[in-house]
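In the numbering used here, the protein residues as written are 114 to 408.
Even for Gly, the Cβ is constructed at its ideal location relative to N, Cα and C.
Quick caveat: nothing in here was measured; it's all calculated off a predicted structure.
Structure first, commentary second.
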């Protein structure tokens, strides 16, 4: 069955995937997408492969813009000024310190990496949908932040081994279940914009915050309340997109730096992954004395 799934996945993305294109996975849109009643879906459901097929089929691919490349180079230089030649151990803390918002937002960063990515991913979607600022600089950083956010969520859902995120599937299943339940109980939740409005609401239904049978809850890892708290703070900030883009870029660099070498090597044999290009850039430009110490 594994070979069948791999063949179908490769067939579905063969015409889309290029080395200069960024895979995008929007978790909210995926959770809101209705189940397909196609013959292919029914066959895969019988083989217990439908979920993996849907996750791969849902991927979108966007060309890596010059603005994103420039932002990454700029952010790497600023982080280098903060860390010197120390290992890349921060996953957003340096960015928050640089923007003087570490105390206010540290709880969303100082947690499990997969959980942090998910919280920031949904919060970024909320800010993207509900922020109506139309400044030229803000609009550019707004798009870049969304690109990196959707790419990092792709890694959590489809390539968790590259992030060393053991909790990735648990977090993904938790958020998916909660969003589905919210959608069932809230008919007006039809698309990403309406979902963001509801998630930003003053109070979430009890089943969105409490479920004794959920292993995430047993760990005290409620996702949506923390996401709601983060997005509310970000939406009040004038320079929200400078902060969000900086945090996402640092998360991307942290993930690339700390991914084990075997995972990077496997991706290179398969045609490359954007995170591996970031790792090569860090190793060449900023870690020439630490090369080989990743992971």
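Rounded to whole angstroms, the separation of the alpha carbons of residue 255 and residue 349 is 15 Å. In the DSSP annotation of this structure, the continuous segment of the alpha helix (DSSP H) that includes residue 306 starts and ends at 305-312. A direct Cα-to-Cα measurement between residue 297 and residue 146 gives close to 12 Å. Residue 193 has its alpha-carbon roughly 35 Å from the corresponding atom of residue 288. Fewer than three pairs of CB atoms, one per stretch, sit closer than 8 Å, so the region 168-179 makes no contact with the region 202-218.
Take residue 367, set aside five residues on each side of it, and the residues of its chain with a beta-carbon closer than 6 Å to its own are 201 and 204, in chain order. For residue 381, the secondary structure class from DSSP, reduced to helix, strand or coil, is helix. Taking 8 Å as the cut-off, the Cβ atoms of residue 353 and residue 240 count as close. Around residue 293, the same chain offers 144 as residues with beta carbons nearer than 7 Å, after the five sequence neighbours per side are excluded.
A direct Cα-Cα distance of roughly 34 Å separates residue 272 from residue 351. Counting other Cβ atoms within 10 Å of its Cβ, residue 228 reaches 16 or more and is therefore classed as buried.
Between residue 260 and residue 286, the alpha-carbon positions lie close to 22 Å from each other. Where residue 335 is concerned, there is no enclosing alpha helix (DSSP H), because DSSP gives it neither an H nor an E. Counting only the Cα atoms, residue 199 lies some 25 Å from residue 268.
Contact between residue 139 and residue 305 holds, since their C-beta atoms are separated by about 7 Å, short of 8 Å. For residue 218, no beta strand (DSSP E) run applies; the uninterrupted alpha helix (DSSP H) run containing it begins and ends at 215-218, by DSSP.
Around the CB of residue 221, 16 or more other CB atoms lie within 10 Å, so the residue is classed as buried.
If the five residues before and after residue 253 are omitted, its C-beta is found closer than 8 Å to the C-beta atoms of 180, all from its own chain and listed in chain order. Taking a C-beta distance under 8 Å as the contact criterion, residue 389 and residue 381 qualify as a contact pair. Here residue 136 is bridged, per DSSP, to 174. For residue 264, the closest of 372, 364 and 195 by C-alpha to C-alpha distance is 364.
Between the alpha carbons of residue 357 and residue 197 lies a gap of roughly 23 Å. Rounded to whole angstroms, residue 275 and residue 232 show a C-alpha spacing of 19 Å. The distance from the Cβ of residue 218 to that of residue 343 is about 7 Å, consistent with a contact at the 8 Å cut-off.
In the same chain as residue 303, and ignoring 5 residues on each side of it, no C-beta atom comes closer than 6 Å to its own. Within the region 185-237, the complete alpha helix (DSSP H) segments of 4 residues or longer fall at 206-211 and 215-218, listed in chain order.
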